[in-house]
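Structure first, then comments.
There are 4 protein chains.
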Amino acid sequence: MAEHRTGPVRSEQARVDILSAAAHLFASRGYEHLTMEGIAAEAGVGKQTIYRWWGSKGGVVAECLIEGMLLPIRPAPSDSGDLRADLSIWLTEILEGIELLGGNAFLRSLIVAAAESDEVGARLRVSLGADASVVSRLRAAVRSGELRADAPLEEIGQALIGAVLVRAVMRLPSLQVGAADRIVDAVLGELR
Amino acid sequence: MAEHRTGPVRSEQARVDILSAAAHLFASRGYEHLTMEGIAAEAGVGKQTIYRWWGSKGGVVAECLIEGMLLPIRPAPSDSGDLRADLSIWLTEILEGIELLGGNAFLRSLIVAAAESDEVGARLRVSLGADASVVSRLRAAVRSGELRADAPLEEIGQALIGAVLVRAVMRLPSLQVGAADRIVDAVLGELR
Amino acid sequence: MAEHRTGPVRSEQARVDILSAAAHLFASRGYEHLTMEGIAAEAGVGKQTIYRWWGSKGGVVAECLIEGMLLPIRPAPSDSGDLRADLSIWLTEILEGIELLGGNAFLRSLIVAAAESDEVGARLRVSLGADASVVSRLRAAVRSGELRADAPLEEIGQALIGAVLVRAVMRLPSLQVGAADRIVDAVLGELR
Amino acid sequence: MAEHRTGPVRSEQARVDILSAAAHLFASRGYEHLTMEGIAAEAGVGKQTIYRWWGSKGGVVAECLIEGMLLPIRPAPSDSGDLRADLSIWLTEILEGIELLGGNAFLRSLIVAAAESDEVGARLRVSLGADASVVSRLRAAVRSGELRADAPLEEIGQALIGAVLVRAVMRLPSLQVGAADRIVDAVLGELR
DNA sequence: TAATAACCGAGACGGTACGTCTCGTCTTTTA
DNA sequence: TAAAAGACGAGACGTACCGTCTCGGTTATTA
């Protein structure tokens with residue numbers, strides 16, 4: 004038995020306008036200057052329409068992430084048989100994506116958003132790739148003998164992404180060429 | 004020839020009261036609920052006295068870090084000759100310190116503060132130990148042959164700390180026993 | 004064709020609460036101690052709600068005057084055929100009204116408010132009666148021959164009210180019995 | 004027996020600098036924008052030096068009045084035998100003086116200062132001439148028969164000055180030519 | 001000719017109020 | 001009945017002044 008409802012249905016237009024406005028303002032002014040009122044004004048939408056569907060700024064930003072409006076959704080690292088090369092390419096893409104969007108300043112905004120909102124945090128894990136996708140590539144490496152059987156796969160993934168975040172948070176110089184290689188090198192070591 | 008200035012001198016009492024109030028409120032309510040008015044009220048101080056000496060919340064928090072009022076200042080990893088053991092002990096201490104102060108929620112607050120304020124960011128690097136102290140321990144490891152000569156020492160340090168941060172930011176389960184070991188294992192590998 | 008606007012309408016409750024609070028605080032503490040924050044707190048209203056509708060303290064006080072919440076709105080002097088008696092009664096009522104509300108101190112507050120805000124100044128002219136109402140009584144006196152045809156009617160009205168104000172401003176002893184008569188006598192002279 | 008005191012004596016330089024600064028700021032920005040800090044800065048003086056000798060802004064302004072730094076001290080109306088002419092000249096001078104210094108806006112500032120400070124109020128009475136000097140001229144007029152013996156002399160003086168103040172307070176159009184004559188006419192009437 | 005006051009400039013201090021901004025909720029009208 | 005518009009109570013922001021209280025440095029007496 005389908006449940007019936009009368010009246011207009013959620014406006015897809017409004018939803019898209021809000022997400023676009025949020026993504027645009029996030030990119031141009033950063034999460035700390037992102038306000039509900041600003042999003043509503045930019046989107047040409049009542050504030051209530053935002054609060055009706057999302058509980059907070061964080062929720063809106065999280066949905067932007069899901070939709071790939073803030074960060075292009077990361078592909079999994081590919082499997083060419085050479086783990087180091089695969090991870091290096093994958094990390095390079097991430098670093099370049101961030102650089103394109105504003106570099107460390109943008110990344111810091113993203114980190115603040117993630118730290119303030121569990122929705123964003125959870126989403127960012129996917130968008131940045133610090134999740135199953137790396138782990139499954141690492142698992143393949145275990146199978147192929149590139150990594151030993153009891154290697155702490157999740158921690159390796161986290162160390163790779165973490166090395167990127169930490170540079171943004173702690174104001175180390177912005178990312179340079181070769182950074183991805185050095186990070187992979189740092190985590191995977193010479194001859195593993 | 005010393006330069007002379009007349010007039011009253013900065014009140015050390017007020018400075019300490021402000022930092023104590025800020026540290027206390029940070030610890031109990033988190034950075035996002037930390038307000039200049041709250042600090043002033045808690046410290047029994049005029050707001051202007053805060054603005055006179057610090058330009059922002061971030062500045063105050065950074066000085067709290069310097070004074071070791073938020074995080075105990077980290078000792079360098081010791082050098083017992085066994086790099087993995089030394090790093091593991093050092094990282095365990097850091098994790099326990101954070102856990103004691105509120106765990107990942109506290110760490111997230113710290114990260115937000117660091118991401119929003121370059122002063123805090125720079126200070127946090129020292130307080131969390133993601134700086135010269137690890138690197139110099141790693142350098143010793145190079146000399147003793149535990150690490151190869153061209154290992155990317157800074158990136159190794161960042162990967163270690165980054166693995167801790169990333170778990171907080173991305174809402175991975177709070178830190179457990181053995182976490183330090185696994186992180187060190189992830190970064191240093193089996194038999195380096 | 005009426006212009007339409009969507010959205011909530013101005014809250015009459017808030018408006019009245021604000022004016023009551025302002026009038027009450029003015030009467031009890033004087034204009035110089037009247038603060039926007041005090042009004043907002045007393046009225047149980049956000050400060051922004053005051054600023055949304057009035058630009059300044061002066062505007063609020065002016066509207067209090069319009070509403071007769073500070074000074075009862077003055078009736079015009081009546082016309083019994085005896086100008087001096089009519090003016091004397093009228094001025095006596097004004098003096099008694101002021102005396103009741105705090106005497107010269109209250110009047111000084113009113114004068115400060117008027118001097119600082121053109122809205123209050125314009126309104127006070129009406130409330131104190133230094134306007135058309137006296138002049139029209141004087142015009143009747145011209146018609147009945149009590150005043151000569153080219154008497155400077157406006158200046159006469161201003162001199163009457165001015166004699167009251169000047170005693171407040173210049174800290175002359177507070178108003179006594181017979182004051183109204185003497186003022187009317189001073190301005191109209193013996194046998195005009 | 005003179006009482007003796009050790010230490011330096013009050014600095015005449017500072018006193019004059021403060022009064023000049025106050026008078027200058029009053030003239031250029033008005034009493035409502037006159038601040039103790041502004042005076043101190045303009046005078047190149049410590050705030051305490053002001054508070055040491057005057058209790059308040061009002062006190063400083065009152066002394067400016069005494070020194071004739073805000074308003075030239077008014078001469079008494081002269082006695083040519085023609086009361087109306089004498090008063091008219093005297094009032095014209097007052098109006099011209101005010102006009103020169105900023106007109107009604109300046110006068111309003113003066114009124115606010117007087118209403119807020121009893122020292123200024125008392126002083127202004129002298130400076131504006133609403134005091135013994137008019138009354139004594141009026142008394143001469145009684146003696147010469149121009150005014151009847153029981154005319155309320157003080158109230159006449161107050162009505163004259165009051166008519167000027169009331170125009171400033173109540174935002175009536177700024178003073179015009181002939182105003183003095185009309186005011187004298189209003190108060191003294193045709194043929195007294 | 002010290003010692004001792006009080007003056008002076010400078011300005012830090014605890015406060016109060018300012019006017020603005022944003023929050024999240026609530027209310028009204030339109031479609 | 002969702003959506004736009006936007007008013008509302010709340011409260012933090014950063015600034016301006018308040019009046020008091022140190023600071024050193026600098027005069028004038030007084031011992």
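Chains as they are written, first to last, in the working numbering: chain U, 4 to 195; chain Z, 4 to 195; chain V, 4 to 195; chain P, 4 to 195. Using N, Cα and C, we set each Cβ at its ideal position, and we do this for glycine too. These figures come from a predicted structure and were not determined experimentally.
Reduced DSSP secondary structure (H/G/I, E/B, other) of residue i
i        : result
P/Thr9   : coil
Z/Thr52  : helix
U/Glu66  : helix
V/Val180 : coil
Z/Ser31  : helix
U/Thr95  : helix
Z/Leu194 : Model confidence at Z/Leu194 stands at a pLDDT of 42, short of 50, so the residue's coordinates are unreliable and nothing is read from them.
U/Gly84  : coil
V/Met72  : coil
U/Glu15  : helix
Z/Asp20  : helix
V/Asp89  : helix
V/Met4   : Bear in mind that the predicted position of V/Met4 carries a pLDDT of just 43, short of 50, making it unreliable; the figure below should be weighed with that in mind. In this structure, V/Met4 counts as coil in the three-state DSSP scheme.
Z/Gly61  : helix
V/Met39  : helix
V/Arg142 : helix
Rounded straight-line distance, which links the Cα of residue j to that of residue i
i        : j        : result
V/Thr38  : Z/Val129 : 47 Å
V/Asp89  : V/Pro75  : 19 Å
U/Ala43  : U/Gln51  : 9 Å
Z/Ala154 : Z/Val187 : 15 Å
V/Ala79  : V/Gly132 : 7 Å
P/Ala5   : P/Ile69  : Its pLDDT being 47, under 50, P/Ala5 is placed unreliably in this model, and the value from its coordinates should be taken loosely. Distance between the alpha carbons of P/Ala5 and P/Ile69: 28 Å.
Z/Arg195 : Z/Gly100 : Note that Z/Arg195 scores a pLDDT of 38, beneath 50, so its modelled location is shaky; the value from the coordinates is reported in the next line. Each residue's Cα considered, the two are about 28 Å apart.
U/Gln16  : Z/Tyr34  : 36 Å
U/Arg8   : V/His7   : Because the pLDDT at U/Arg8 is just 45, under 50, the model does not fix this residue reliably, and the value given afterwards should be weighed accordingly. Cα-Cα distance, rounded: 30 Å.
U/Leu110 : Z/Ser112 : 16 Å
V/Gly71  : P/Glu96  : 38 Å
V/Arg77  : P/Leu98  : 30 Å
V/Arg55  : V/Leu156 : 41 Å
Z/His36  : Z/Ile164 : 26 Å
U/Ala166 : U/Ile92  : 16 Å
P/Ser171 : V/Glu40  : In the sequence as presented, Ser is not what sits at residue 171 of chain P; that position holds Ala. If I take the Cα positions, the gap works out to 29 Å.
U/Gly61  : U/Val115 : 10 Å
U/Arg87  : Z/Ala182 : 24 Å
V/Phe29  : V/Ala125 : 18 Å
P/Gly148 : P/Asp82  : 14 Å
Z/Gly10  : V/Asp134 : 56 Å
From the options, residue whose alpha carbon lies closest to that of residue i
i        : options                                   : result
P/His27  : P/Gly105, P/Val145, P/Ile114 and P/Ala79  : P/Gly105
U/Ala24  : U/Val167, U/Cys67 and U/Ser14             : U/Cys67
P/Glu158 : V/Phe29, V/Leu168, V/Arg8 and V/Arg185    : V/Arg185
P/Ala108 : P/Val169, P/Trp57 and P/Thr95             : P/Val169
P/Asp85  : P/Leu150, P/Gly165, P/Ala183 and P/Glu15  : P/Leu150
P/Ala162 : P/Leu94, P/Arg77, P/Ala125 and P/Ser14    : P/Leu94
P/Ser31  : P/Ser81, P/Ile164 and P/Leu73             : P/Leu73
Z/Arg13  : Z/Ala183, Z/Ser83, Z/Trp57 and Z/Asp82    : Z/Trp57
U/Leu191 : U/Ala125, U/Ala171, U/Val145 and U/Val180 : U/Val145
Z/Val123 : Z/Ala65, Z/Pro11, Z/Ser59 and Z/Gly10     : Z/Ala65
P/Gly160 : V/Val180, V/Ala189 and V/Gly160           : V/Ala189
Three or more C-beta pairs closer than 8 Å, one from the region 117-126 of chain P and one from the region 176-183 of chain P: is that the case here? With a cut-off of 8 Å, the region 176-183 of chain P and the region 117-126 of chain P do not count as touching, because too few Cβ pairs lie within range.
Validate contact between the region 6-26 of chain V and the region 38-51 of chain V using beta carbons, cut 8 Å, 3 pairs: The region 6-26 of chain V vs the region 38-51 of chain V: in contact.
Using 8 Å as the Cβ pair cut-off and three pairs as the minimum, do the region 139-151 of chain Z and the region 97-115 of chain Z touch? Taking a cut-off of 8 Å on C-beta distances, the region 139-151 of chain Z does not touch the region 97-115 of chain Z, as fewer than three cross pairs fall below it.
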